[in-house]
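Asks: Handing you a structure now.
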Amino acid sequence: MPYVRVLVLNQSYEPLHFTSTRRAIILLLVGKAEYVERGEGRLRSERLSMLEPSVVRLNRYIHRPSRLAVSFSKRNVFRRDDFTCQYCGARGADLTLDHVVPRSQGGATSWENVVVACHPCNLRKGDRPLAASNLRLRRRPFRPHYFWYQLMAHAPTPSQLQRWSKYLPSRWVPLPQSA
Numbered sequence: 141m142p143y144v145r146v147l148v149l150n151q152s153y154e155p156l157h158f159t160s161t162r163r164a165i166i167l168l169l170v171g172k173a174e175y176v177e178r179g180e181g182r183l184r185s186e187r188l189s190m191l192e193p194s195v196v197r198l199n200r201y202i203h204r205p206s207r208l209a210v211s212f213s214k215r216n217v218f219r220r221d222d223f224t225c226q227y228c229g230a231r232g233a234d235l236t237l238d239h240v241v242p243r244s245q246g247g248a249t250s251w252e253n254v255v256v257a258c259h260p261c262n263l264r265k266g267d268r269p270l271a272a273s274n275l276r277l278r279r280r281p282f283r284p285h286y287f288w289y290q291l292m293a294h295a296p297t298p299s300q301l302q303r304w305s306k307y308l309p310s311r312w313v314p315l316p317q318s319a
């Protein structure tokens, strides 16, 4: 059985996490979850045939912290910015981190002040404020929510993302890749 990710919703239809198709089927068979949306495939065994789950909802409410933090690291900033320069949109191996408000001017090393930049843009900006460098951010830096981070890490297919979009807040759905 291929590893197809399944979105798991809390009883209140709040997104909780992703799981494998196998785990989702176990939840369905033991009565801990119910189908919300079915996938395209059919799963068969010797005694059972069932539609592949795409979204399942738990029958009991699971309490969880309202705000799970994503740790600040270089790798996580690169993931948040999709390995793309936030000034010119360049992708590739020639990327680094840049402080929007330079540290020499009191800028903090935080989610809201650090972005991915290519070396030419980083050199062009230098140790100046953004306005003085004639550069513009493509997207404002933000502190990612844990579920958004998990969504990015699992990289769902476009069809899965389209199916799940009605269960996810719009700010968590990643922006489509620009060509």
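Residue numbers (the working numbering): 141 to 319.
Each residue gets a CB set at the ideal place from its N, CA and C atoms; glycine is no exception.
1) Give the straight-line distance between the Cα atoms of P155 and R268, rounded to the nearest whole angstrom.
2) Leaving out five residues before and five after A164 in sequence, what residues of the same chain have Cβ atoms less than 6 Å from its Cβ?
3) Using C-beta distances below 6 Å, list every residue in its chain close to A230, excluding the 5 sequence neighbours before and after it, in chain order.
4) With DSSP as the reference, please indicate the residues paired to Y175 in a beta bridge.
5) Whose C-alpha, out of P284, R278 and V240, is nearest the C-alpha of L263?
6) Which residue from P296, P309, T159 and Y286 puts its Cα closest to that of R204?
7) Over the uninterrupted beta strand (DSSP E) stretch that includes L167, give me the two end residues.
8) Exposed or buried, what is D234 when buried is set at 16 or more other beta-carbons lying within 10 Å of its beta-carbon?
9) Of all the options L308, R303, W251 and C225, which has the alpha carbon lying nearest to the alpha carbon of L277?
10) Is it the case that the Cβ atoms of R182 and L188 are separated by a distance below 8 Å?
11) Is any heavy atom of the ligand ADP found at a distance shorter than 7 Å from the C-beta of V196?
12) Could you tell me whether any Cβ in chain B is nearer than 8 Å to the Cβ of H203?
13) Helix, strand or coil for A257? Go by DSSP, reduced to three states.
14) DSSP on R303, reduced to helix/strand/coil?
15) Under three-state DSSP, which class holds S211?
Replies: The structure says:
1) 41 Å
2) Cβ neighbours of A164 beyond the five flanking positions: V146, P193 and V196.
3) C258
4) V196, per the DSSP bridge assignment.
5) Nearest option by C-alpha distance: V240.
6) Y286
7) Segment T161 to L169 is the alpha helix (DSSP H) holding L167; no beta strand (DSSP E) there.
8) exposed
9) C225
10) For R182 and L188, no; Cβs fall outside 8 Å.
11) Looking for the ligand ADP in the displayed structure turns up nothing, as the structure carries no ligands at all.
12) Among the chains of the structure shown, chain B does not appear; only one protein chain is present.
13) Strand at A257.
14) For R303, the secondary structure class from DSSP, reduced to helix, strand or coil, is helix.
15) coil
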